[in-house]
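Respectively, the protein sequence lines represent chains A and B. Residues in the first sequence are numbered from 183 upward in steps of one, following the numbering used here. Residues in the second sequence are numbered from 183 upward in steps of one, following the numbering used here. For every residue, glycine included, the Cβ atom is placed at its ideal position computed from N, Cα and C. All values derive from a computational prediction rather than experimental measurement.
2 protein chains.
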Amino acid sequence: MTTLTPRRRDAAGTRQLLLDAARRRFASQGYSATTVREIADEAGVNVALINRYFSSKEGLFEACLTGADDELGRTVSADVPLDEVPHAIARQLAGPHTGRHPSLLLLLLRSSGDERADEIRLGILRSFAERLAASAGRPPDGPGAEQVLLRAQIALSAALGIALLRSAAAMEPLASAGEDELLEPLQDLIAGLLAGG
Amino acid sequence: MTTLTPRRRDAAGTRQLLLDAARRRFASQGYSATTVREIADEAGVNVALINRYFSSKEGLFEACLTGADDELGRTVSADVPLDEVPHAIARQLAGPHTGRHPSLLLLLLRSSGDERADEIRLGILRSFAERLAASAGRPPDGPGAEQVLLRAQIALSAALGIALLRSAAAMEPLASAGEDELLEPLQDLIAGLLAGG
DNA sequence: CGCTGATGTAAACGCTTGCTGACTTAGTAT
DNA sequence: ATACTAAGTCAGCAAGCGTTTACATCAGCG
Numbered sequence: 183m184t185t186l187t188p189r190r191r192d193a194a195g196t197r198q199l200l201l202d203a204a205r206r207r208f209a210s211q212g213y214s215a216t217t218v219r220e221i222a223d224e225a226g227v228n229v230a231l232i233n234r235y236f237s238s239k240e241g242l243f244e245a246c247l248t249g250a251d252d253e254l255g256r257t258v259s260a261d262v263p264l265d266e267v268p269h270a271i272a273r274q275l276a277g278p279h280t281g282r283h284p285s286l287l288l289l290l291l292r293s294s295g296d297e298r299a300d301e302i303r304l305g306i307l308r309s310f311a312e313r314l315a316a317s318a319g320r321p322p323d324g325p326g327a328e329q330v331l332l333r334a335q336i337a338l339s340a341a342l343g344i345a346l347l348r349s350a351a352a353m354e355p356l357a358s359a360g361e362d363e364l365l366e367p368l369q370d371l372i373a374g375l376l377a378g379g
Numbered sequence: 183m184t185t186l187t188p189r190r191r192d193a194a195g196t197r198q199l200l201l202d203a204a205r206r207r208f209a210s211q212g213y214s215a216t217t218v219r220e221i222a223d224e225a226g227v228n229v230a231l232i233n234r235y236f237s238s239k240e241g242l243f244e245a246c247l248t249g250a251d252d253e254l255g256r257t258v259s260a261d262v263p264l265d266e267v268p269h270a271i272a273r274q275l276a277g278p279h280t281g282r283h284p285s286l287l288l289l290l291l292r293s294s295g296d297e298r299a300d301e302i303r304l305g306i307l308r309s310f311a312e313r314l315a316a317s318a319g320r321p322p323d324g325p326g327a328e329q330v331l332l333r334a335q336i337a338l339s340a341a342l343g344i345a346l347l348r349s350a351a352a353m354e355p356l357a358s359a360g361e362d363e364l365l366e367p368l369q370d371l372i373a374g375l376l377a378g379g
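Next comes the structure, spelled out in structure tokens:
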């Protein structure tokens, strides 16, 4: 059988260490303000391994995005009723995992300037907005479809903006608001934007 | 008397050229992704003048922020009724000036990492949120004051998120939505978040 | 053992960055 | 004209960047 003791040399393990560290840095500081040496230091790993495992800084960033895509696809299911949407957003913004993973949403706002990476990023955001529109009972097409999608994108904007204001600015009381404190305002926001009319 | 003909060497003029170019670049690409040579080229001015007039890249960024502060104080008055807030936001996001000045709001989301600059930035954002809370009929203190301020900050988050999604992503139909198309959803959002309850 | 491929390390490469100092040019007053 | 100052130019520096190359070390296997 293969070894059960943690290998001192574990390619997949250090790869993951790099991915985690990179995601934290990219999310909190943005792409170009983050240096590969920072990432390597935070991961406790040699700098050259970034290029070995991900070809380039760009490649590492893309890997972070696709990883975020997978995670988002797992946690946020497709057909959640509109009532549950505020819960999901509040959990994503201030859930118990927030310490370790500084809001996956932030990463989706960071651009590297690279075209391919930006396509991935925009693709995730688009599908996010479309799922939101579907939850709002949007018909796949029809007269009001565009309006509902627009409103879903605005709701997504709000979630992303909150993530940014909590992190990049330390705007109180928003920055310290817990999951439950965010829930009520988010419910009213979603209700006004996607349910009422 | 002093000369009335436009001087070919005009310190105040080139200073303003640099400020305008810098604001465009910083807003659209962020601080660290923007190089001083880019700014100088876009302004049609020699690179060294940035350091002459603003001491450093950081100084130029701070000057952009204080300039944005002045402009915001002029355009957005203190006591606008809540009904007018959606108009003001829609105008700021997609008004006729949007081509030249890529949404002042974007600049307020860009961090340079410098402490002083970030204090200025956060100060502008805070006062923005407080004006919003005041429009929502918030009493200066009292039991519900914190909640109203939190909701105002969430409304501000939405505006900032929209600016970001229109620019950094090119998310349709949000990115191409005009002032009038944004107005209705924003009215519903503000109504649900700050008026209703 | 000795060999081999995978994993990690160290040092440097070439390039871009923000910034500087010595210089030239334009405008004005004497 | 001459001298003086403000405004703009130019070449280059030191530092930091992403990346690469050459080397060391370990695991697995005959």
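- Message: Tell me which residue opens and which closes the alpha helix (DSSP H) that A:His269 is part of.
- Response: Position 87 of the first sequence holds residue 269 of chain A. Boundaries of the alpha helix (DSSP H) around A:His269: Val267 to Ala276.
- Proximity below 7 Å, CB of A:Leu200 to CB of A:Ala225: As a first step, residue 200 of chain A is located in the first sequence; it is residue number 18 there, counting from the start. As a first step, residue 225 of chain A is located in the first sequence; it is residue number 43 there, counting from the start. Annotated as proximal: A:Leu200 and A:Ala225, with beta-carbon spacing under 7 Å.
- Just tell me which of B:Ala377, B:Leu375, B:Arg206 and B:Asp192 has its CA closest to the CA of B:Leu288. Within the second sequence, residue 288 of chain B is the residue found at index 106, counting from 1. Cα-wise, what sits closest to B:Leu288 is B:Arg206.
- Answer with buried or exposed for B:Thr184, where buried requires no fewer than 16 other C-beta atoms within 10 angstroms of its C-beta. Residue numbering aside, residue 184 of chain B sits at position 2 when the second sequence is read from its first letter. Here B:Thr184 scores only 43 on pLDDT, less than 50, and its place in the model should not be relied on; the value that follows carries that caveat. Flag for B:Thr184 reads exposed.
- Message: I need the DSSP call for B:Glu354, collapsed to helix, strand or coil.
- Response: On the second sequence, position 172 is the one that residue 354 of chain B refers to. Looking at B:Glu354 - three-state DSSP - the assignment turns out to be coil, as it is neither helix nor strand.
- In chain A, which residues lie less than 9 Å from B:Gly277 when you measure between Cβ atoms? What you label residue 277 of chain B is simply residue 95 of the second sequence in a count that begins at 1. Under the 9 Å cutoff, chain A gives no residues; its nearest Cβ is about 17 Å from B:Gly277.
- Task: Would you verify that the beta carbon of A:Leu304 is, or is not, closer than 7 Å to some beta carbon of chain B?
- Result: Position 122 of the first sequence, counted from the first residue, corresponds to residue 304 of chain A. A:Leu304 counts as touching chain B.
- Task: Return helix, strand or coil for B:Gly226, following the three-state DSSP convention.
- Result: Residue 226 of chain B sits at position 44 when you count from the first residue of the second sequence. Coil.
- Buried or exposed by the 16-neighbour rule on C-beta atoms within 10 Å, applied to A:Asp252: Counting from 1 along the first sequence, the entry for residue 252 of chain A is found at position 70. It counts as exposed.
- For the segment 334 to 347 of chain A, which residues have a beta carbon sitting closer than 9 Å to at least one beta carbon of chain B? Contact annotation: in the segment 334 to 347 of chain A, residues whose CB is within less than 9 Å of a CB in chain B are Gln335, Ile336, Ala337, Leu338, Ser339, Ala340, Ala341, Leu342, Gly343, Ile344, Ala345, Leu346 and Leu347.
- Give the single residue among B:Tyr213, B:Asp296, B:Arg273 and B:Thr196 whose Cα lies nearest to the Cα of B:Asn228. Within the second sequence, numbered from 1, the residue matching residue 228 of chain B stands at position 46. That would be B:Thr196, whose Cα lies nearest to the Cα of B:Asn228.
- Message: Closer than 8 Å is the cut-off here; do at least three beta carbon pairs connect the segment 354 to 361 of chain A with the segment 270 to 283 of chain A?
- Response: Taking 8 Å as the limit for Cβ pairs, the verdict is that the segment 270 to 283 of chain A does touch the segment 354 to 361 of chain A.
- contact_flag[the segment 290 to 303 of chain A, the segment 258 to 267 of chain A] where n(CB pairs < 8 Å) is 3 or more: The segment 290 to 303 of chain A, when compared against the segment 258 to 267 of chain A, does not touch it at the 8 Å Cβ threshold.
- Mind listing, in chain order, the continuous alpha helix (DSSP H) runs of no fewer than 4 residues lying wholly within the segment 188 to 243 of chain A? List check, alpha helix (DSSP H) in window: 193 to 211, 218 to 225 and 230 to 236.
- Query: Going along chain B in order, which residues have a C-beta closer than 8 Å to the C-beta of A:Leu332?
  - Reply: Taking the first sequence and counting its residues from 1, one reaches residue 332 of chain A at position 150. Under the 8 Å cutoff, chain B gives Pro355, Leu356, Ala359, Glu363 and Pro367.
- Within 8 Å of chain A by C-beta, residues of the segment 206 to 218 of chain B in sequence order: Near chain A, meaning a CB-to-CB distance below 8 Å, the residues of the segment 206 to 218 of chain B are Gln211, Gly212, Tyr213, Ser214 and Ala215.
- What whole-angstrom Cβ distance do B:Arg333 and B:Leu365 have, given they're in contact under 8 Å? In the second sequence, residue 333 of chain B corresponds to position 151, counting from 1. In the second sequence, residue 365 of chain B corresponds to position 183, counting from 1. By a beta-carbon distance limit of 8 Å, B:Arg333 does not contact B:Leu365. Their separation comes to about 20 Å.
- Tell me where the alpha helix (DSSP H) around A:Ser349 begins and ends. Residue mapping note: residue 349 of chain A aligns to position 167 of the first sequence, counting from 1. For A:Ser349, the enclosing alpha helix (DSSP H) covers residues Ala327 to Ser349.
- Message: Would A:Ala373 pass as an interface residue toward chain B - the criterion being a Cβ-Cβ separation below 7 Å?
- Response: Taking the first residue of the first sequence as position 1, residue 373 of chain A is located at position 191. True, the Cβ-Cβ gap to chain B drops below 7 Å.
- Query: If we ignore side chains and look at the alpha-carbon of each, how far apart do A:Asp192 and A:Ala222 end up?
  - Reply: Within the first sequence, numbered from 1, the residue matching residue 192 of chain A stands at position 10. Within the first sequence, numbered from 1, the residue matching residue 222 of chain A stands at position 40. For A:Asp192 and A:Ala222, the distance between alpha carbons rounds to 16 Å.
- Query: Residue range of the alpha helix (DSSP H) that A:Arg292 falls in?
  - Reply: Reading the first sequence from its first residue, position 110 is the one you call residue 292 of chain A. Per DSSP, A:Arg292 lies in no alpha helix (DSSP H) segment and is marked neither H nor E.
- Task: Run the CB neighbour count on B:Gln211, radius 10 Å, all protein chains shown included, and call it buried at 16 or more, exposed below.
- Result: Here the question's residue 211 of chain B lines up with position 29 in the second sequence. Buried, by the Cβ-count rule.
- Query: Counting along the chain, where does the alpha helix (DSSP H) carrying A:Asp362 start and finish?
  - Reply: On the first sequence, residue 362 of chain A is found 180 positions in, with the first residue counted as 1. A:Asp362 -> alpha helix (DSSP H) spans Glu361 to Ile372.
- Item | Check whether B:Leu342 and B:Phe310 have beta carbons under 7 Å apart | Against the second sequence, residue 342 of chain B aligns to sequence position 160. Against the second sequence, residue 310 of chain B aligns to sequence position 128. With respect to B:Phe310, B:Leu342 sits apart: the two C-beta atoms are not nearer than 7 Å.
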